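K.L.:
Structure (C-alpha cells):
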C-alpha cells in the first residue's frame with residue numbers, strides 16, 4: 001500500500017501534468033458557444049439554434065427577473081428575514097437555458113441553488129424562500145410543476161433522478177429527467193453511482209452539472225484531474241462542455257441531450273462551465289479564498305449583458321422593452337419582500353404532522369405530551 | 001390456501017411473489033436477486049416469472065440501489081430492495097437516513113415513499129466479517145423509518161405483505177439464521193397489524209421480550225424454565241419502530257419482571273429504550289429492574305467465537321435467574 005502510493009506520487013510531482021492540472025482551462029477543448037461574451041452570434045457544427053425575437057426577449061426577461069429575485073433574497077437575508085440564501089448570481093444562463101429546454105412533462109431534480117430553473121418550471125419564487133426562512137423544509141408540491149424539492153446534501157438527487165428516469169422508461173413515456181448538481185457534488189459517490197445506473201439501464205436522464213469553479217472554498221483542482229464532462233465517456237455516454245454563461249448554447253445543448261434521452265438513447269452529461277459570482281451562501285466569505293481578478297474576468301462574460309448586447313445590436317429590443325422589464329423586476333422584488341415578511345411561523349404542533357405517512361403511535365404519544373405541556377402554561381394563566 | 005408448512009425463506013418468497021402478482025407497481029431490486037434468486041434464494045424464480053423489468057439485478061452499489069428506488073417510488077413504483085447482508089447496508093445509510101426517512105416530512109406530506117429495504121441480519125451462521133450484524137437500532141433511531149423483523153414463517157409472509165402496502169419506508173430485517181426454520185402458514189388469514197407485538201408463549205412469572213432470531217431462543221429458554229417450575233411469558237415484539245409498548249406494559253403488569261433479549265449490542269440497543277419506557281410506565285409493577293441480554297460493545301467476533309458473543313439459552317436463563325432473585 002505504502003509502496004504503491006509512493007510510486008504513484010513520484011512521477012506526478014515531477015511531471016508537467018501537475019502544472020497542467022492546476023490550470024485546467026489552458027489545455028482544454030473548446031466549449032460549445034453560440035453567443036460570445038461580446039454578444040456576437042457564432043455557429044457550432046453540432047448545435048444549431050434559431051429563436052424568434054419573442055423567444056430571445058423571453059430568455060432575457062427570465063434571466064433578469066431571476067437575478068432580481070435572487071438579489072432580493074440576498075437582501076432579505078441581510079435584513080434578517082431569511083436565515084440563509086444560496087445565490088445563483090452568474091449562473092442565470094445555465095439555469096434559464098437548460099430550464100427552457102424542458103417540456104412540461106419532464107421532471108427536474110434540483111440542488112438548492114436552482115432558482116432560475118424553478119422560475120422556468122413556474123414555481124412561485126416566494127415558495128422557494130420558506131426553507132431559507134425556516135418555516136418549512138420545502139414549500140411546494142413537486143408534482144405540480146414536476147420540480148422536485150431542493151436537495152441539500154449534494155449529489156443525492158442524481159440517484160433519485162436516475163430512478164425516476166428508470167420509471168419513465170418502464171412506463172413507456174417519452175419524457176426526460178434532468179438532474180442538477182455542481183462541481184463539488186461530482187466528487188460524491190452517489191454521482192458516480194447515478195452515472196453507472198443510468199448507463200446500465202439506459203435511463204432517459206440528463207446530468208446537468210453547473211461547474212461554477214468553486215465548491216465553497218475549494219476550486220475544481222481539488223475535485224478533478226480531468227475536465228468533468230470527459231468522465232461520461234468512461235461510463236459509456238456522451239459528455240459535453242457548454243459555455244454556461246451563454247443562454248443560447250445552454251438551451252441548444254440541453255435540448256439536444258433531452259431529445260437524445262427521449263429517443264431512448266440514454267443519459268448525457270452536460271457540464272455548464274460558469275462561475276459563482278457571489279458567495280457560496282450568505283454565510284460564506286469568498287474574499288478569504290479567491291482573488292478579485294478572477295471574479296472580474298468572469299464579470300466580462302456576464303450572461304445577461306451578452307444577450308442584451310445581442311438584442312440591441314440586432315434591434316430586437318428597444319428602450320421601452322428594457323424600461324418595462326426594469327419595472328417588472330421592481331414589482332417582483334416588492335412582492336417577494338412583502339410575501340416573505342408576511343410568512344407566518346408554522347403552528348408548533350406541526351412538528352409532528354408528517355413524520356410518517358401512515359402515522360405512528362410513538363409520534364402520537366409525543367404530540368399529546370407536547371400539547372399537554374403547552375396547555376399547562378395556559379392553565380397557569382401565562 | 002389451507003395451513004401449509006414452509007420455511008421462513010420460502011414464506012418470504014411466496015409473499016414477494018404475491019406482491020408482484022397483486023400490484024404491477026411492485027418491483028424487486030438488488031444484487032443477484034434475478035437469475036440467482038439472491039444469495040439466500042429469497043427471490044428465487046421471481047425474475048423468471050415476472051421478467052427483468054420487475055425483478056432487477058442492480059449494479060453492486062447499495063447507495064445507488066436505495067437512491068434509485070427512491071426515484072422509482074417518486075414515479076409511483078413500490079420498490080422492494082434487497083441489501084445482500086446487514087454489514088453491507090452502510091453505503092446506503094445516507095440515502096436511507098437523509099432521503100428515504102425524511103422526504104415525506106420535507107414535502108409536508110406530499111411525497112410518499114413506499115420502499116421496503118430487506119436486510120438479512122444477525123449471526124449464527126458461521127460467516128465472515130460484515131455478514132452477522134444486527135444494526136436495527138441504527139434505523140429505529142431515525143424518525144420517518146419503520147423497522148420490523150419477523151421471527152417465523154407466518155409473520156415473514158404477512159409482515160412482508162403489510163410492508164409492501166405501507167406508504168412509509170420499512171426496514172425489513174430478516175433473521176437469516178431462521179431462514180430454514182419451518183412453520184405453519186395460513187395465507188388467507190392476516191395475523192394482525194404490522195406493528196403489534198404478539199404473545200408467543202404465555203406465562204406469569206417474568207416477561208421475555210425479543211424479536212427476530214431471538215424469539216426462538218427465548219421460547220427454548222421458557223421451555224427449560226418450565227421444567228424448573230418457572231412460568232415465562234415470551235413476547236415477540238415484531239416491530240422495533242414503532243415498538244408496541246402497550247403490549248409490553250400489559251405483560252409486565254402481569255409478570256412484574258422483564259428481560260429484553262436481542263443479538264444487537266446492549267449499549268444503546270432497543271432493550272435500553274424498552275427498559276426506560278417500561279420503567280416509566282410500570283414503575284410500581286416492577287419487582288426487579290429491567291434486564292437486558294445482548295451483544296457486547298465490541299465488533300462482531302470471528303465465527304469461532306460468535307456463540308460466546310450471541311445470547312444463548314443459558315445467558316437468557318442467567319438473566320431470568322438474576323431478575324427472579326430480586
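Protein chains in written order, with full-length UniProt numbering: chain S, 1 to 382; chain A, 1 to 326. Using N, Cα and C, we set each Cβ at its ideal position, and we do this for glycine too. Everything numeric in this text was worked out from a predicted model, so none of it was measured.
In angstroms with no decimal places, state the Cα-to-Cα distance between residue 148 of chain A and residue 273 of chain S.
P.N.:
Reading the second chain from its first residue, position 148 is the one you call residue 148 of chain A. Reading the first chain from its first residue, position 273 is the one you call residue 273 of chain S. Those two C-alpha atoms are separated by around 47 Å.
K.L.:
Under 7 Å, Cβ to Cβ, is there at least one residue of chain S near residue 46 of chain A?
P.N.:
Here the question's residue 46 of chain A lines up with position 46 in the second chain. No, because no Cβ of chain S sits closer than 7 Å to the Cβ of residue 46 of chain A.
K.L.:
Looking at the structure shown, is residue 281 of chain A part of a helix, part of a strand, or coil, going by DSSP?
P.N.:
Taking the first residue of the second chain as position 1, residue 281 of chain A is located at position 281. In this structure, residue 281 of chain A counts as helix in the three-state DSSP scheme.
K.L.:
So for residue 358 of chain A, helix, strand or coil by DSSP?
P.N.:
One cannot answer for residue 358 of chain A here, as it falls past the ends of chain A, which runs 1 to 326.
K.L.:
What residue range does the beta strand (DSSP E) around residue 5 of chain A cover?
P.N.:
Start at 1 with the first residue of the second chain, and residue 5 of chain A comes out as number 5. That run of the beta strand (DSSP E) goes 4–7.
K.L.:
Which of the three DSSP states, helix, strand or coil, is assigned to residue 262 of chain A?
P.N.:
Working through the second chain from its first residue, we reach residue 262 of chain A at position 262. Of the three classes helix, strand and coil, the one that applies to residue 262 of chain A here is strand, per DSSP.
K.L.:
In this structure, how does DSSP classify residue 186 of chain S when only helix, strand and coil are distinguished?
P.N.:
Taking the first residue of the first chain as position 1, residue 186 of chain S is located at position 186. The answer is helix: DSSP assigns residue 186 of chain S an H, G or I state.
K.L.:
Tell me the rounded alpha-carbon separation between residue 335 of chain A and residue 105 of chain A.
P.N.:
The structure shown does not extend to residue 335 of chain A, since chain A is modelled only from 1 to 326, so the question has no answer here.
K.L.:
Strictly below 7 Å CB to CB, what residues from chain S border residue 205 of chain A?
P.N.:
The residue given as residue 205 of chain A occupies position 205 in the second chain. Those within 7 Å of residue 205 of chain A in chain S number zero; the least Cβ separation is about 28 Å.
K.L.:
Are the C-beta of residue 373 of chain S and some C-beta of chain A separated by less than 7 Å?
P.N.:
On the first chain, residue 373 of chain S is found 373 positions in, with the first residue counted as 1. Residue 373 of chain S does not count as touching chain A.
K.L.:
Please classify residue 35 of chain S as buried or exposed, where buried requires at least 16 other C-beta atoms within 10 Å of its C-beta.
P.N.:
Position 35 of the first chain, counted from the first residue, corresponds to residue 35 of chain S. Buried.
K.L.:
Between which two residues does the alpha helix (DSSP H) carrying residue 157 of chain A extend?
P.N.:
As a first step, residue 157 of chain A must be located in the second chain, where it is residue number 157. Counting along the chain, the alpha helix (DSSP H) containing residue 157 of chain A begins and ends at 153–165.
K.L.:
Which residues bound the alpha helix (DSSP H) around residue 253 of chain A?
P.N.:
As a first step, residue 253 of chain A must be located in the second chain, where it is residue number 253. Element bounds for residue 253 of chain A: 245–255.
K.L.:
Please classify residue 72 of chain S: is it buried, with 16 or more other beta-carbons within 10 angstroms of its beta-carbon, or exposed?
P.N.:
Position 72 of the first chain holds residue 72 of chain S. Burial call: buried.
K.L.:
Is there a Cβ of chain A sitting closer than 7 Å to that of residue 172 of chain S, yes or no?
P.N.:
Within the first chain, residue 172 of chain S is the residue found at index 172, counting from 1. Chain A contact via Cβ: absent.
K.L.:
Please name the residues in the stretch 174–196 of chain A whose beta-carbon is closer than 7 Å to at least one beta-carbon of chain S, in chain order.
P.N.:
Hits within the stretch: zero.
K.L.:
May I ask which residues mark the beginning and end of the alpha helix (DSSP H) holding residue 449 of chain S?
P.N.:
Only positions 1 to 382 of chain S appear in this structure, which leaves residue 449 of chain S out of reach.
K.L.:
Taking the straight line between their C-alpha atoms, what separation do you get for residue 142 of chain S and residue 148 of chain S?
P.N.:
Here residue 142 of chain S corresponds to residue number 142 of the first chain, with the count starting at 1. Here residue 148 of chain S corresponds to residue number 148 of the first chain, with the count starting at 1. C-alpha separation (whole angstroms): 5 Å.
K.L.:
Just to confirm my understanding: we take residue 313 of chain A, look at its own chain, exclude 5 residues before and 5 after, and list those with CB closer than 7 Å. What are they?
P.N.:
Counting from one through the second chain, the residue named residue 313 of chain A turns up at place 313. Closer than 7 Å at Cβ, skipping near neighbours: 217, 220, 221 and 224.
K.L.:
Roughly how many angstroms lie between the CA atoms of residue 112 of chain S and residue 155 of chain S, to the nearest whole one?
P.N.:
If you number the first chain from 1, residue 112 of chain S lands on position 112. If you number the first chain from 1, residue 155 of chain S lands on position 155. Answer to the nearest angstrom: the Cα atoms are 11 Å apart.
K.L.:
Counting only the same chain and skipping the five closest in sequence on each side, list residues whose C-beta sits under 7 Å from that of residue 168 of chain S.
P.N.:
Locating residue 168 of chain S in the first chain gives position 168, counting from the first residue. Contacts found: 175, 177 and 204.
K.L.:
Between residue 82 of chain A and residue 202 of chain S, what straight-line distance do the alpha-carbon atoms span, to the nearest angstrom?
P.N.:
Position 82 of the second chain holds residue 82 of chain A. Position 202 of the first chain holds residue 202 of chain S. For residue 82 of chain A and residue 202 of chain S, the distance between alpha carbons rounds to 22 Å.
K.L.:
Where are the beta strand (DSSP E) runs, 3 residues long or more, that stay fully inside the stretch 101–138 of chain A, in chain order?
P.N.:
Segments of the beta strand (DSSP E) lying fully in the stretch 101–138 of chain A: 116–121.
K.L.:
Using DSSP with H/G/I as helix, E/B as strand and the rest coil, what is residue 167 of chain S?
P.N.:
Reading the first chain from its first residue, position 167 is the one you call residue 167 of chain S. Residue 167 of chain S: helix per DSSP, three-state reduction.
K.L.:
Measure the beta-carbon distance from residue 204 of chain A to residue 254 of chain A and round it to whole angstroms, keeping in mind my assumption that it falls under 8 Å.
P.N.:
Here residue 204 of chain A corresponds to residue number 204 of the second chain, with the count starting at 1. Here residue 254 of chain A corresponds to residue number 254 of the second chain, with the count starting at 1. At roughly 7 Å, the Cβ-Cβ gap stays under 8 Å, so residue 204 of chain A and residue 254 of chain A are in contact.
K.L.:
Please list the partners that residue 77 of chain A has in chain S, where partner means a Cβ-to-Cβ separation under 8 Å.
P.N.:
Counted from its first residue, the second chain places residue 77 of chain A at position 77. By Cβ distance, chain S contributes 167 and 170.
K.L.:
Buried or exposed, going by whether 16 or more other CB atoms sit within 10 Å of the CB of residue 193 of chain S?
P.N.:
Translated into the one-based positions of the first chain, residue 193 of chain S becomes position 193. Buried, because 16 or more other Cβ atoms sit within 10 Å of the Cβ of residue 193 of chain S.
K.L.:
Among residues of its own chain, excluding the 5 on either side of residue 8 of chain A, which ones have a beta-carbon nearer than 6 Å to its beta-carbon?
P.N.:
For this step, residue 8 of chain A is matched to residue 8 along the second chain. These residues qualify, in order along the chain: 153, 156, 178, 179 and 181.
K.L.:
Quick one: complete alpha helix (DSSP H) runs, 4+ long, within the stretch 210–250 of chain S?
P.N.:
As far as the stretch 210–250 of chain S is concerned, its whole alpha helix (DSSP H) runs of at least 4 residues are 231–235.
K.L.:
Just to confirm the assignment, what range does the alpha helix (DSSP H) spanning residue 66 of chain S have?
P.N.:
Counting from 1 along the first chain, the entry for residue 66 of chain S is found at position 66. Start and end: 53–78.
K.L.:
Just how far apart, CA to CA, sit residue 371 of chain S and residue 135 of chain S?
P.N.:
By 1-based counting over the first chain, the position of residue 371 of chain S is 371. By 1-based counting over the first chain, the position of residue 135 of chain S is 135. In a straight line, the C-alpha of residue 371 of chain S is about 20 Å away from that of residue 135 of chain S.
K.L.:
Any chance you could list the alpha helix (DSSP H) runs of at least 4 consecutive residues sitting entirely within the stretch 266–314 of chain S, in chain order?
P.N.:
The stretch 266–314 of chain S contains these whole alpha helix (DSSP H) runs: 292–299 and 303–313.
K.L.:
Let's see if you can read the secondary structure: which residues bound the beta strand (DSSP E) around residue 200 of chain A?
P.N.:
As a working mapping, residue 200 of chain A is identified with position 200 in the second chain. Element bounds for residue 200 of chain A: 198–201.
K.L.:
Does the Cβ of residue 252 of chain S lie closer than 6 Å to at least one heavy atom of the ligand NAP?
P.N.:
In the structure shown, the ligand NAP is absent, as is every other ligand, since no ligand is present at all.
K.L.:
Return helix, strand or coil for residue 89 of chain A, following the three-state DSSP convention.
P.N.:
Locating residue 89 of chain A in the second chain gives position 89, where the first residue counts as 1. It is coil, neither helix nor strand.
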